[in-house]
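Going down the list, the sequences are from chains A and B. Residues -18 to 210 in the working numbering are what the first sequence spells out, letter by letter. Residues -18 to 210 in the working numbering are what the second sequence spells out, letter by letter. The structure under discussion appears below in the form of structure tokens.
Number of protein chains: 2
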Amino acid sequence: MGANSSTAFGVEAGSPDAAEAGVTDLFAVLAYGEISAFYRLAEEAKLSPTLRGKVAVAKMAANEMDHFKTLERALSDRGVDVFDGMAPYVRALDAYHASTDPSTWLESMVKFYVGDGIAADFYTEIADALAPEVAEVVRDVLAETRHSEFVIDEVRTAVEQNRSERDRLTLWGRRLLGEAITQAQYVMAQRDELTDLVLSATGDLNGIATLFERMQDSHAERMRVLGLG
Amino acid sequence: MGANSSTAFGVEAGSPDAAEAGVTDLFAVLAYGEISAFYRLAEEAKLSPTLRGKVAVAKMAANEMDHFKTLERALSDRGVDVFDGMAPYVRALDAYHASTDPSTWLESMVKFYVGDGIAADFYTEIADALAPEVAEVVRDVLAETRHSEFVIDEVRTAVEQNRSERDRLTLWGRRLLGEAITQAQYVMAQRDELTDLVLSATGDLNGIATLFERMQDSHAERMRVLGLG
Chain A
-18 MGANSSTAFG
-8 VEAGSPDAAE
2 AGVTDLFAVL
12 AYGEISAFYR
22 LAEEAKLSPT
32 LRGKVAVAKM
42 AANEMDHFKT
52 LERALSDRGV
62 DVFDGMAPYV
72 RALDAYHAST
82 DPSTWLESMV
92 KFYVGDGIAA
102 DFYTEIADAL
112 APEVAEVVRD
122 VLAETRHSEF
132 VIDEVRTAVE
142 QNRSERDRLT
152 LWGRRLLGEA
162 ITQAQYVMAQ
172 RDELTDLVLS
182 ATGDLNGIAT
192 LFERMQDSHA
202 ERMRVLGLG
Chain B
-18 MGANSSTAFG
-8 VEAGSPDAAE
2 AGVTDLFAVL
12 AYGEISAFYR
22 LAEEAKLSPT
32 LRGKVAVAKM
42 AANEMDHFKT
52 LERALSDRGV
62 DVFDGMAPYV
72 RALDAYHAST
82 DPSTWLESMV
92 KFYVGDGIAA
102 DFYTEIADAL
112 APEVAEVVRD
122 VLAETRHSEF
132 VIDEVRTAVE
142 QNRSERDRLT
152 LWGRRLLGEA
162 ITQAQYVMAQ
172 RDELTDLVLS
182 ATGDLNGIAT
192 LFERMQDSHA
202 ERMRVLGLG
């Protein structure tokens, strides 16, 4: 769909202009991802049983804001206001978070680790198709946070001795993957320029299918790291 | 009270050891101040009428976490675990926030600007009595955030044309000052080492009274900047 309809805006798919429009869209959706992750983390920290947990989550949230600032600068360098850029993605990302609202501290931890991982897989693959200086911004803001060790410890320790908790969180992880893929498709449908980027990163529709398969494999690996699945 | 009872711990008031204990207490209370400000800001951002406001608040909150990390390092350099250090101050600071829970976006903005300012006045005066490298840490974490302009604009614009809002926020500011001073006294009462620090910074009990007078003057100036009072 994207490759054709983007020409309706007078920008030919595959041209430098189209690629540039896709890049600002990519930066903008990532920026809104950071700000919504920030507020989700801050909200979910209430579920933490300890002050230590709350501090760890606050650091993770602050880290998301560092990434937001990087993207805000990158957009500003391209003459795009971050708020204008983010507007088309507010609904899809809010919907993802609303449909995966954790009800326990451990669900929140799994969501942070697994959800961030899925997003990182998706956008990093797209980044491969971009100019090196653009790809660097994307990789920079998606780099695994230094706080993942805390999350892994929290979850592994909790599920090691508790089979029913492990089963519950395994189902939760599966649901997160499903919702994330649904929302990724919805995000792409919002903007032809993003679809074009994904197509040029993956080759064609078969390539997109293969991308989603690779994402499922990485997801399974992350679940294993958490002691789940 | 402090100067005498601290000797009960085998540390003579005025000795280098006593001063060092006061410094770690000061860092610890500031650290808990940062983490609780982080979560307060994240919570109050819900009151923001715009995404722009939420992003500004998220940046302010992330800034508090940078300060927290500075203090955590400074405590760790002194062999003190930040969580052990913060424990005695949790109740007093939580009580301050509970007693000054903003019910509107503008109350939240005034609290951020005025509350942070009062705390900065108080702790910066104490820092004057400390070794230069210690005072530098304190000044660093209390430096006015770069986001104050946003706060000033929000409040000034809102009260310029609205007399009843201005009156309401003026009373709110007065209440913040009262609660902050109550809690500062309560915090000092928790730890003799902190009281000793304040006494050595201010000279004597008269000095403390003068300190609180200076804090009231700065408070009045900040209220004027916001277009209040």
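Glycine residues also receive a C-beta, built at the ideal position from the N, C-alpha and C atoms.
Beta-carbon contacts of residue i that lie in its chain and below 6 angstroms, excluding the five residues immediately before and after
i: N(-15) (chain A); result: Annotation note: pLDDT 41 at N(-15) (chain A) (below 50); position unreliable, coordinate value reported separately. So no residue of the chain qualifies.
i: V61 (chain A); result: T5
i: A18 (chain B); result: E45
i: T211 (chain B); result: As shown, chain B starts at -18 and ends at 210. That puts residue 211 (chain B) outside it, with no answer to give.
i: S199 (chain A); result: D102
Residues that residue i contacts on chain A, provided the C-beta gap is smaller than 7 angstroms
i: V36 (chain B); result: I16
Pairwise C-alpha distance: residue j and residue i
i: V71 (chain A); j: E114 (chain B); result: 45 angstroms
i: L209 (chain B); j: F193 (chain B); result: 21 angstroms
i: M204 (chain A); j: K35 (chain B); result: 33 angstroms
i: M(-18) (chain B); j: R137 (chain A); result: The predicted model places M(-18) (chain B) with a pLDDT of 38, which falls under 50 and marks its position as unreliable; any figure quoted below should be read in that light. Going from the Cα of M(-18) (chain B) to the Cα of R137 (chain A) covers about 48 angstroms.
i: L7 (chain A); j: V63 (chain A); result: 12 angstroms
i: D177 (chain A); j: K92 (chain B); result: 47 angstroms
i: A23 (chain B); j: E174 (chain B); result: 32 angstroms
i: R147 (chain B); j: T51 (chain B); result: 37 angstroms
i: Y20 (chain B); j: Y20 (chain A); result: 10 angstroms
i: N187 (chain A); j: R149 (chain A); result: 33 angstroms
i: P69 (chain A); j: D58 (chain A); result: 20 angstroms
i: L158 (chain B); j: A100 (chain B); result: 10 angstroms
i: D97 (chain A); j: R156 (chain B); result: 42 angstroms
i: A182 (chain A); j: A9 (chain A); result: 18 angstroms
i: S80 (chain B); j: Y167 (chain B); result: 14 angstroms
i: Y13 (chain B); j: G66 (chain A); result: 36 angstroms
i: H48 (chain A); j: M41 (chain A); result: 11 angstroms
i: L56 (chain B); j: D82 (chain B); result: 30 angstroms
i: R2 (chain B); j: K27 (chain A); result: Looking at the sequence itself, residue 2 (chain B) is Ala, so the reference to Arg does not match. Computed Cα separation, rounded: 32 angstroms.
i: A139 (chain A); j: I133 (chain A); result: 10 angstroms
i: R54 (chain B); j: Y77 (chain B); result: 26 angstroms
i: E202 (chain A); j: S129 (chain A); result: 15 angstroms
i: D217 (chain A); j: L111 (chain B); result: The requested residue 217 (chain A) does not occur in the structure, where chain A is confined to residues -18 to 210.
i: L32 (chain B); j: A190 (chain A); result: 35 angstroms
i: V73 (chain A); j: A39 (chain B); result: Val is not the amino acid found at residue 73 (chain A); the sequence shown has Ala there. Using only the alpha carbons, I get a separation of about 21 angstroms.
i: E117 (chain A); j: G184 (chain B); result: 55 angstroms
i: E135 (chain A); j: E160 (chain B); result: 37 angstroms
N- and C-terminal bounds of the alpha helix (DSSP H) containing residue i
i: L150 (chain B); result: 144 to 171
i: G184 (chain A); result: From DSSP, G184 (chain A) is part of no alpha helix (DSSP H); its letter is neither H nor E.
i: Y77 (chain B); result: 71 to 80
i: V132 (chain B); result: 129 to 141
i: G34 (chain B); result: 32 to 58
i: V115 (chain A); result: 113 to 123
i: G98 (chain B); result: 97 to 108
i: V28 (chain A); result: The sequence shown places Leu at residue 28 (chain A), not Val. No alpha helix (DSSP H) holds L28 (chain A); DSSP gives it neither H nor E.
i: D65 (chain B); result: 63 to 67
i: L216 (chain A); result: The structure shown does not extend to residue 216 (chain A), since chain A spans only -18 to 210, so no value can be given for it.
Cβ-heavy atom distance, residue i to the ligand FAD, below 7 angstroms
i: T176 (chain A); result: This structure lacks the ligand FAD, and indeed carries no ligand of any kind.
Chain A residues whose Cβ lies nearer than 9 angstroms to that of residue i
i: R33 (chain B); result: F64
Same chain, Cβ closer than 8 angstroms to residue i, five either side skipped, listed in chain order
i: T105 (chain B); result: V119, R120, L123
i: D75 (chain B); result: S17
i: I107 (chain A); result: L7, V119, L178, V179, A182
i: V95 (chain B); result: G154, L157, L158, H200, R203, M204, L207
Beta-carbon contacts of residue i that lie in its chain and below 7 angstroms, excluding the five residues immediately before and after
i: P30 (chain A); result: W86
i: F103 (chain A); result: A165, M196
i: I162 (chain A); result: F193
i: G(-9) (chain B); result: Any reading at G(-9) (chain B) needs caution, since the residue's pLDDT is 38, under 50, leaving its predicted position unreliable; the model's value is listed next. Closer than 7 angstroms at the Cβ level, and outside the excluded window around G(-9) (chain B), lies no residue.
i: A(-11) (chain A); result: A caution first: A(-11) (chain A) carries a pLDDT of 37, below 50, which makes its placement in the model too unreliable to give a value.
i: E141 (chain A); result: G208
i: S89 (chain B); result: E25, L28, P83
i: W153 (chain B); result: E88, V91
CB contact check: residue i to chain D, cutoff 8 angstroms
i: S145 (chain A); result: Within the model displayed, chain D is absent; protein chains A and B are what it includes.
Any C-beta of chain A within less than 9 angstroms: which residues of the stretch 37 to 64 of chain B qualify?
Across the stretch 37 to 64 of chain B, CB contacts with chain A closer than 9 angstroms involve A39, K40, A42, A43, N44, E45, M46, D47, F49, K50, E53, V63, F64, in sequence order along the chain.
Pull out every residue of the stretch 18 to 29 of chain A whose Cβ sits closer than 8 angstroms to any Cβ of chain B, in chain order.
Here the close residues are F19, Y20, A23, E24, A26.
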